[in-house]
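When you read off a place in the sequence shown, starting at 1, and then add 19, the result is the number in the numbering used here.
Here a beta-carbon is modelled for each residue, glycine too, at the ideal position from N, C-alpha and C.
First comes the structure, then the notes that go with it.
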Amino acid sequence: MKDIEQIRRQLIERYQQLSALDQVIVRLFSLIYEPIARSTFLDCLNETPYRDEKNRRFNAQTLKSHLDILLEAEVIIQDKGYGLRCHPLLVEIGSRDSVSKGEFKRFAEIIKNKLPQTRTRWHESLVFQGKEQLIREIRLAIYRQDFNSVEQQIADYQKTSYSSPKTSLEDLLVLIYDNPFDGDWLRTQPTKFQALALNSILVKAFEKITRADGAFSLLEELCQDQTSVSEAHLWLEQAIIRGQGEQVHRYLDRPFPESQPAEIGLPWRA
C-alpha cells in the first residue's frame with residue numbers, strides 16, 4: 020500500500036503537469052472544498068476572469084472536457100452519490116498556490132456570493148450545512164488572515180449543527196497547516212496561530228507516534244526569540260519527549276530576561 024506522502028507527491032506532480040487552465044480549475048475546487056455539483060461549479064468558474072480555449076465563457080460541454088482530464092488524473096475526485104471535489108491530499112497545495120498567484124481574494128468573493136452561508140432566524144449565529152462547509156469557511160478565513168472570525172465560526176457550528184460531527188480548533192488547525200506542513204507558509208501567520216498550529220500538530224503527532232520533524236524544527240527556530248514564552252514551553256515539552264535532555268539543560272542554563280526564568284526555567288527544575 021502506498022503511504023500518504025507518496026500519494027501526495029504523485030498528486031502534486033500531476034497537478035504541476037496540467038495546463039495552466041486546468042490548474043486554475045483545481046485551485047477553485049480546492050477553495051470550495053466541499054463536494055459541489057457541476058452546474059454550481061460552472062457558475063462559480065464563469066465568475067472568474069478565466070475563459071475556455073476560444074476565449075468564451077464555459078458551458079457544460081467545455082467544462083466536461085477539462086473535468087474528464089482532472090478526474091482521470093485523480094486531482095479531482097467524485098464519491099458515488101456526491102459532487103466533485105479536490106483530492107484531500109492536494110487541497111492545501113492548491114489553496115496556497117491560489118494565494119501566491121494573487122487570485123485568492125477574487126475566488127473567495129465568488130465563493131461567498133455563490134455559496135452563501137445562512138444565519139439563524141434572529142441573525143445571531145451562522146448555520147452550517149455540515150462539517151465540510153465549516154472547514155471551507157475556516158480555511159477561507161485563515162487564508163485571508165481573518166483570524167478573529169475563526170473561533171466564532173466554530174462556536175456557531177457547535178451551537179447550530181446538532182447532528183453534525185463535533186470538531187475543535189486544534190483539529191482544524193492540524194487539517195489545514197499539516198496537509199502538508201510548510202514552515203515557510205506558517206511563518207507568515209500571526210504569532211498566536213503559529214503557536215496554536217505547532218502545538219496542535221505536535222500533540223497530534225505524539226498521539227499517532229509520528230515525528231513531525233518539520234514542525235519541531237520551526238518551533239526550535241521560534242524559540243531563538245527569548246521573549247516567546249509559549250513556544251519555549253512547548254519546545255521544552257517536545258524536547259523531553261524526544262529524549263533531548265542535554266539540549267534542555269543547555270536551554271535552561273542560558274541567561275533569560277528577568278521576567279522569564281520563573282516562567283520558563285523554574286517549573287522544569289522542580
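Are there 16 or more other CB atoms within 10 angstroms of the CB of Leu303, so buried, or fewer, so exposed? Nothing about residue 303 can be read from this structure; the chain reaches only from 20 to 289.
In the structure shown, what three-state DSSP assignment does Ile95 receive? Start at 1 with the first residue of the sequence shown, and residue 95 comes out as number 76. DSSP places Ile95 in strand when its eight states are reduced to three.
Evaluate Asp98 with the Cβ neighbour count: other Cβ atoms within 10 Å of its Cβ, from every protein chain shown; 16 or more gives buried, anything less gives exposed. Taking the first residue of the sequence shown as 1, we reach residue 98 at position 79. Its Cβ having fewer than 16 others within 10 Å, Asp98 is exposed.
Compare the Cα-Cα distances from Thr67 to each of Arg115, Ile130, Gln29 and Glu53 and report the closest residue. Translated into positions along the sequence shown, residue 67 becomes position 48. Nearest C-alpha to Thr67: Ile130.
Where do the ends of the alpha helix (DSSP H) carrying Cys242 lie? Translated into the one-based positions of the sequence shown, residue 242 becomes position 223. Per DSSP, Cys242 belongs to no alpha helix (DSSP H) and is neither H nor E.
Residues sharing a beta bridge with Leu40, DSSP: As a working mapping, residue 40 is identified with position 21 in the sequence shown. Bridge partners of Leu40: none, in fact.
Checking 8 angstroms against the spacing of the C-beta atoms, do Phe200 and Gly233 come in under that value? The count along the sequence shown starts at 1 and reaches residue 200 at position 181. The count along the sequence shown starts at 1 and reaches residue 233 at position 214. Taking 8 angstroms as the Cβ cut-off, Phe200 and Gly233 qualify as a contacting pair.
Can you tell me the Cβ-Cβ gap for Arg155 and Tyr52, rounded? I've got them flagged as a contact below 8 angstroms. Looking up residue 155 in the sequence shown gives position 136. Looking up residue 52 in the sequence shown gives position 33. Correct: roughly 4 angstroms between the Cβ atoms.
In terms of residues, what are the limits of the beta strand (DSSP E) holding Leu64? Locating residue 64 in the sequence shown gives position 45, counting from the first residue. Looking at the DSSP string, Leu64 is not in any beta strand (DSSP E); the run it does join, the alpha helix (DSSP H), is Arg57 to Leu64.
Please classify Thr246 as buried or exposed, where buried requires at least 16 neighbouring CB atoms within 10 angstroms. Reading the sequence shown from its first residue, position 227 is the one you call residue 246. Because Thr246 sits at a pLDDT of 49, beneath the cut-off of 50, its placement in the model cannot be relied upon, and the point is left open.
Distance, Cα to Cα, Ala216 vs Ile23? Residue numbering aside, residue 216 sits at position 197 when the sequence shown is read from its first letter. Residue numbering aside, residue 23 sits at position 4 when the sequence shown is read from its first letter. So the alpha carbons of these two residues sit roughly 21 angstroms apart.
In whole angstroms, give me the CA-to-CA distance for Phe123 and Thr179. On the sequence shown, residue 123 is found 104 positions in, with the first residue counted as 1. On the sequence shown, residue 179 is found 160 positions in, with the first residue counted as 1. Roughly 29 angstroms separates the two Cα atoms.
Note the first and the last residue of the continuous beta strand (DSSP E) segment covering Leu108. Counting from 1 along the sequence shown, the entry for residue 108 is found at position 89. Premise fails: Leu108 is in no beta strand (DSSP E) and is neither H nor E.
According to DSSP, is Asp71 part of a helix, a strand, or is it coil? The count along the sequence shown starts at 1 and reaches residue 71 at position 52. Asp71 falls in the coil class under three-state DSSP.
Would you tell me roughly how many angstroms separate the C-alpha atoms of Ser236 and Phe225, rounded to the nearest one? For the purposes of this step, residue 236 is taken as the residue at position 217 of the sequence shown. For the purposes of this step, residue 225 is taken as the residue at position 206 of the sequence shown. Their backbone Cα atoms lie some 15 angstroms apart in a straight line.
So, for Asp197: in the same chain, excluding its five sequence neighbours on each side, which residues have a beta-carbon less than 6 angstroms away from its beta-carbon? Against the sequence shown, residue 197 aligns to sequence position 178. Same-chain partners within the cutoff: Ile220.
Would you mind working out which of Ile112, Trp204 and Gln172 sits nearest Val43, comparing C-alpha positions? Residue numbering aside, residue 43 sits at position 24 when the sequence shown is read from its first letter. For the residues Ile112, Trp204 and Gln172, the minimum Cα distance to Val43 belongs to Ile112.
Buried or exposed for Gln164, please, with buried defined as at least 16 other CB atoms from any protein chain shown within 10 angstroms of its CB. As a first step, residue 164 is located in the sequence shown; it is residue number 145 there, counting from the start. Exposed.
In the DSSP assignment, find the alpha helix (DSSP H) that holds Leu134 and state where it starts and stops. For this step, residue 134 is matched to residue 115 along the sequence shown. First-last for Leu134: undefined, no H or E at that position.
When you compare only the Cα positions, how much space is there between Lys109 and Phe147? Here the question's residue 109 lines up with position 90 in the sequence shown. Here the question's residue 147 lines up with position 128 in the sequence shown. Correcting the residue type first, residue 109 is Leu in the shown sequence and not Lys. Between Leu109 and Phe147, the C-alpha separation is close to 24 angstroms.
Within its chain, find whatever has a CB closer than 6 angstroms to the CB of Val193; leave out the 5 residues flanking it on each side and keep chain order. On the sequence shown, residue 193 is found 174 positions in, with the first residue counted as 1. Taken in chain order, the residues that qualify are Ser219, Ile220 and Lys223.
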